[in-house]
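*Asks:* Numbering (the working numbering), first residue to last: 163 to 808. Ideal placement from N, C-alpha and C gives every residue a C-beta, glycine not left out.
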Ligand SMILES: [Zn+2]
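Right, here's the structure in full:
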């Protein structure tokens, strides 16, 4: 017997595989056939999806999908354009191990070479159901993206475990989903569970059939340490604050904290009226290890990461507290009421973001107001948050070349999770903070035009009103925004908005603040809102003096374009080693900044980039500067009125 050479071995293996596959598989379809456009027809039959999320050690979701089909060409899509992301962020590379079978026989699939989110299959005659099995490989470290699975918390986002037939709208496909989760854990979601079937294990839940759009809009959190708070206990429409944590201690809250969250719901309803839901589920991760901070909105629920100290170090978590009303407001502004160019037919049709300054910008404005009105922010925190926004937008170098309207393209332009080299010059998602200031301007303008009788509250109540009999998504255009503003207070709102959206910094000053009764001042006292965020991240903030931020590892994590640090040729990523010849400490740099204001001498910063040391000479006088609001005596305190509970 002779031992075959490696190349010969390979050929034998290929021949064996080829002979097996030709027995049971249908020939693979071409890879670039047309993908059907969504039509109004409903997909006949119900997709059945089971996801097992019990593999918390290896962070793998395992899915089994059954799809009713007819013979012929079939294209299956993996959701690419994700609502709330405003971007083609579907993680197609995470979908792995895909096999498709019909009656136990393997069916070949081919990925479309133009649209890599599409899989082509030929369904043989006589086949009425196909089964797909695959895994979704969630991020195993933060470097790979949002961590969705920890030893104590799992976040199941249905869009990452689902393929659906092309040619249909997302509300024309029905899915029955079920989930197996770790034993002894609890879960929360906006989906309704069916009654437990006899013989089903206790850790398997079957959900009632819903449309594909509602399924993807209803993620699940499951966890070991869970506490639920009713935020609207007297109402028939429950609002639940489901908190998932790394340990029991992180769940310890005070009655005052819960009361502020209950007030938040009340104050939101006073602006927007009844919500577009029959119940609302906050899915909150108070965790060190899970997915980072921030939120993702849905119509009847929201996914939020707040950090482990949310309750236990409440004072330091003001920015996280703001995420809570932000996401609830999105139930109206963003989910129920959606810009027409974002309201696409399914998850693989490209979105356009031209109205994100309403969707995100106005929501951000309401975030600060509802947080202030409910007591989630103290009056000082609310003012400091606004001072921070105003000061950073006023100095924003990128406003000199890129208008606010153009920033709405940013989610699509920016690759998934890629950080920017020069954020203050590139601008990123300024349609949040700068648009907040436009809406403050509009609010004050309405108050001025109507002798203080009307306000942006009247706009919100009309524009986002939810009819009692339908929660179906409604879409709007730029003209709809202008027309509603005109109905609240007649004015040339079209020019008002276009000037602010299309103008560059030099002919588009942010001159609203004075009319609110307050002005911006800079002192050496830290801004309490920024300080809370910086403390959590371990950052030291010199943004409004030298124009840089230093992180807890002494790495320079931000340099403002055009700032003294920029002129000293300092870049993000350099390590700050020494200040005027002494080992760097934040206090030392603060003292050096104060001393330079007297001596008028440059500050010498020893920095290390890769393996190169260099002394940067930074010319800056002006002392330590942090932004705050100061009352303009003798003027109307409109900001005080805006922040007063209704
Ligand atoms: Zn948002």
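Count the other CB atoms within 10 Å of the CB of residue 231; is the residue buried (16 or more) or exposed (fewer)?
*Replies:* Residue 231 comes out buried.
*Asks:* For a quick check, are the C-beta atoms of residue 434 and residue 628 less than 9 Å apart?
*Replies:* Against a cut-off of 9 Å, the Cβ pair of residue 628 and residue 434 comes out as a contact.
*Asks:* Using the Cα positions of residue 728 and residue 667, report the straight-line distance between them to the nearest angstrom.
*Replies:* Roughly 20 Å separates the two Cα atoms.
*Asks:* Is the closest heavy atom of ligand 1 to the C-beta of residue 766 under 8 Å?
*Replies:* Checking every heavy atom of ligand 1 against the Cβ of residue 766, none is found closer than 8 Å.
*Asks:* Starting from the Cα of residue 566, find the closest Cα among 523, 615, 529 and give me that residue.
*Replies:* Among 523, 615, 529, the Cα nearest to that of residue 566 is on 523.
*Asks:* Tell me, to the nearest whole angstrom, how far the beta carbon of residue 384 is from that of residue 349; I am working on the premise that it is less than 8 Å.
*Replies:* With a Cβ gap of about 4 Å, residue 384 and residue 349 count as contacting.
*Asks:* Please state whether DSSP places residue 473 in a helix, a strand or coil.
*Replies:* In this structure, residue 473 counts as coil in the three-state DSSP scheme.
*Asks:* Just grab the DSSP bridge partners of residue 367 for me.
*Replies:* According to DSSP, residue 367 bridges with 341.
*Asks:* Below 8 Å on the Cβ atoms is my contact criterion, and I expect residue 493 with residue 461 to pass it. Report the Cβ-Cβ distance as a whole number of Å.
*Replies:* At roughly 6 Å, the Cβ-Cβ gap stays under 8 Å, so residue 493 and residue 461 are in contact.
*Asks:* Quickly, what does DSSP pair residue 479 with across the bridge? List them, please.
*Replies:* Answer is none; residue 479 lacks a bridge partner.
*Asks:* Which value, in whole angstroms, describes the spacing of the CA atoms of residue 670 and residue 448?
*Replies:* C-alpha separation (whole angstroms): 40 Å.
*Asks:* With DSSP run on the structure shown, which of helix, strand or coil describes residue 636?
*Replies:* Residue 636: strand per DSSP, three-state reduction.
*Asks:* With DSSP as the reference, identify every bridge partner of residue 261, one or two as the case may be.
*Replies:* Its beta-bridge partners are 295.
*Asks:* In chain order, what residues of the same chain lie with their CB nearer than 8 Å to the CB of residue 699, ignoring the 5 residues before and after it?
*Replies:* Excluding residues within five positions, the ones whose Cβ falls inside 8 Å are 713, 714.
*Asks:* If you compare alpha carbons, which of 446, 563, 429, 608 is closest to residue 530?
*Replies:* Among 446, 563, 429, 608, the Cα nearest to that of residue 530 is on 429.
*Asks:* Indicate whether residue 407 and residue 470 have their beta-carbon atoms separated by less than 9 Å.
*Replies:* Contact: yes.
*Asks:* For residue 488, name the three-state secondary structure that DSSP assigns.
*Replies:* If DSSP states are grouped into helix, strand and coil, residue 488 belongs with the helices.
*Asks:* Kindly indicate the opening and closing residues of the alpha helix (DSSP H) around residue 432.
*Replies:* Counting along the chain, the alpha helix (DSSP H) containing residue 432 begins and ends at 417–434.
*Asks:* Beta carbon of residue 223: closer than 8 Å to some heavy atom of ligand 1?
*Replies:* Every heavy atom of ligand 1 is 8 Å or more from the Cβ of residue 223, so no.
*Asks:* Out of curiosity, what's the CA-to-CA distance linking residue 167 and residue 255?
*Replies:* Only weak support is given to the placement of residue 167: the predicted model assigns it a pLDDT of 37, under 50, and the value that follows is read from those uncertain coordinates. Using only the alpha carbons, I get a separation of about 35 Å.
*Asks:* Between residue 497 and residue 438, which are expected to be in contact by the criterion C-beta below 8 Å, what is the C-beta distance as a whole number of angstroms?
*Replies:* At roughly 7 Å, the Cβ-Cβ gap stays under 8 Å, so residue 497 and residue 438 are in contact.
*Asks:* Please classify residue 199 as buried or exposed, where buried requires at least 16 other C-beta atoms within 10 Å of its C-beta.
*Replies:* Label assigned to residue 199: exposed.
*Asks:* Closer than 8 Å to a non-hydrogen atom of ligand 1 - does that hold for the CB of residue 460?
*Replies:* No, Cβ of residue 460 sits at least 8 Å from all heavy atoms of ligand 1.
*Asks:* Residue 244 to residue 582, Cα distance in whole Å?
*Replies:* Roughly 21 Å between the two C-alpha positions.
*Asks:* From the DSSP output, which residues share a beta bridge with residue 385?
*Replies:* Bridge partners of residue 385: 315, 348.
*Asks:* To the nearest angstrom, report how far apart residue 240 and residue 378 are at their CA atoms.
*Replies:* Distance between the alpha carbons of residue 240 and residue 378 is about 12 Å.
*Asks:* Taking the C-alpha atoms as reference points, what is the distance between residue 288 and residue 210?
*Replies:* Distance between the alpha carbons of residue 288 and residue 210 is about 20 Å.
*Asks:* Are there any heavy atoms of ligand 1 lying less than 8 Å away from the beta-carbon of residue 457, as far as the coordinates show?
*Replies:* Yes, since a heavy atom of ligand 1 falls inside the 8 Å radius drawn around the Cβ of residue 457.
*Asks:* For residue 328, which residues in the same chain have their Cβ closer than 6 Å to its Cβ, ignoring the five residues on either side in sequence?
*Replies:* 197, 198, 237, 239.
*Asks:* From residue 658 to residue 371, what distance separates their C-alpha atoms?
*Replies:* Rounded to the nearest angstrom, the two C-alpha atoms are 46 Å apart.
*Asks:* Excluding sequence positions up to five away, which residues of its chain have a Cβ less than 6 Å from the Cβ of residue 805?
*Replies:* If we look at residue 805 and ignore the five residues flanking it on each side, its Cβ neighbours are 534, 544.
*Asks:* Which residue comes first and which comes last in the beta strand (DSSP E) that contains residue 271?
*Replies:* Run containing residue 271: 271–273, per the beta strand (DSSP E) assignment.
*Asks:* Which class does residue 760 belong to by DSSP, given the choice of helix, strand or coil?
*Replies:* In this structure, residue 760 counts as helix in the three-state DSSP scheme.
*Asks:* May I ask which residues mark the beginning and end of the alpha helix (DSSP H) holding residue 597?
*Replies:* Looking at the DSSP string, the run of the alpha helix (DSSP H) that includes residue 597 is 595–611.
*Asks:* Could you name each continuous beta strand (DSSP E) segment of 3 residues or more that falls completely within the segment 765–806, going from the start of the chain to the end?
*Replies:* Segments of the beta strand (DSSP E) lying fully in the segment 765–806: 765–771, 774–780, 788–793.
*Asks:* Indicate, with yes or no, if ligand 1 has a heavy atom lying under 8 Å from the CB of residue 594.
*Replies:* The answer is yes for residue 594.
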